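Let me begin by presenting the structure, written as structure tokens, before commenting on it.
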Amino acid sequence: MADSPGGSGSHDSGGGGGGDRSPRSSVREQDRFLPIANIGRIMKKALPTNGKIAKDAKDTVQECVSEFISFVTSEASDKCQKEKRKTVNGDDLLWAMATLGFEDYIAPLKAYLARYREGDTKGSARGADGSGKKDMVGTQLGSDAQVTYGTQLGSDTQFVHQGSFTPGLSYTFPH
């Protein structure tokens, strides 16, 4: 249905028919794509205050992000199946990213995963519904973190991804 990102088959996950099917699978589009509002919000953070984003740009990024997630997850899932495991974990995703050529992201993601696990093992405010991870990632981290990428991950390279890392913590790597 949505062959072109700007076509009438928008990937908006709002209400409506809800029965739209992806041409590649039997998965509903609203289940395959991240919400367009979230995509737009993330994109806006990278622009100047008065910057605007065209709808077709949001649709294109929405499709690319979803494809990237599926690509990496599929590789990790294949690894788990070969190892006769049913659960894909963070280490499997890191392995998949390295296998697929995304080595530049491994070090920052390993640091994030370690911090995430550290918070999880300390019994971080986990409610009866098991929502501790969501609280740790969604609420405690704040939204004031800024993106700083370096081409080399040396001892002086800092990285923080908007809303994904705890502000004020040092995420540097010794050589």
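In my numbering, the protein residues as written are 272 to 446.
Where is the CB? At the ideal position from N, CA and C, for every residue including glycine.
What you are looking at is a predicted structure, and each value in this text was computed from that prediction instead of being measured.
Local Cβ density within 10 Å of residue i, reported as buried at 16 or more and exposed below that
{"i": "L365", "result": "buried"}
{"i": "P379", "result": "buried"}
{"i": "K355", "result": "exposed"}
{"i": "R388", "result": "exposed"}
{"i": "K323", "result": "exposed"}
{"i": "Q352", "result": "exposed"}
{"i": "E300", "result": "buried"}
{"i": "D363", "result": "buried"}
{"i": "Y383", "result": "buried"}
Run of the alpha helix (DSSP H) containing residue i, from where it starts to where it stops
{"i": "D362", "result": "G361 to T370"}
{"i": "D302", "result": "E300 to R303"}
{"i": "A315", "result": "The displayed chain sequence assigns Lys, not Ala, to residue 315. K315 -> alpha helix (DSSP H) spans I307 to K316."}
Collapsed DSSP secondary structure at residue i in the structure displayed
{"i": "T410", "result": "No answer about T410 holds up, because its pLDDT of 29 lies below 50 and its placement is not dependable."}
{"i": "A325", "result": "coil"}
{"i": "T320", "result": "coil"}
{"i": "T331", "result": "helix"}
{"i": "K355", "result": "coil"}
{"i": "F373", "result": "coil"}
{"i": "D391", "result": "helix"}
Through-space distance from residue j to residue i, alpha-carbon basis
{"i": "P319", "j": "I313", "result": "13 Å"}
{"i": "I307", "j": "K329", "result": "7 Å"}
{"i": "V336", "j": "R303", "result": "10 Å"}
{"i": "E374", "j": "E334", "result": "22 Å"}
{"i": "I377", "j": "G361", "result": "11 Å"}
{"i": "V332", "j": "K350", "result": "27 Å"}
{"i": "R386", "j": "N309", "result": "24 Å"}
{"i": "A317", "j": "V359", "result": "31 Å"}
{"i": "L523", "j": "A325", "result": "Coverage of the chain is limited to positions 272 through 446, which leaves residue 523 absent and any answer about it impossible."}
{"i": "K357", "j": "D327", "result": "37 Å"}
is_contact[residue i, chain C] using C-beta, thresh 9 Å
{"i": "V359", "result": "Absent here is chain C; the protein component of the structure consists of one chain."}
inquiry  = Quick check: the stretch 370 to 384 against the stretch 336 to 350, are at least 3 beta-carbon pairs closer than 8 Å?
reply    = yes
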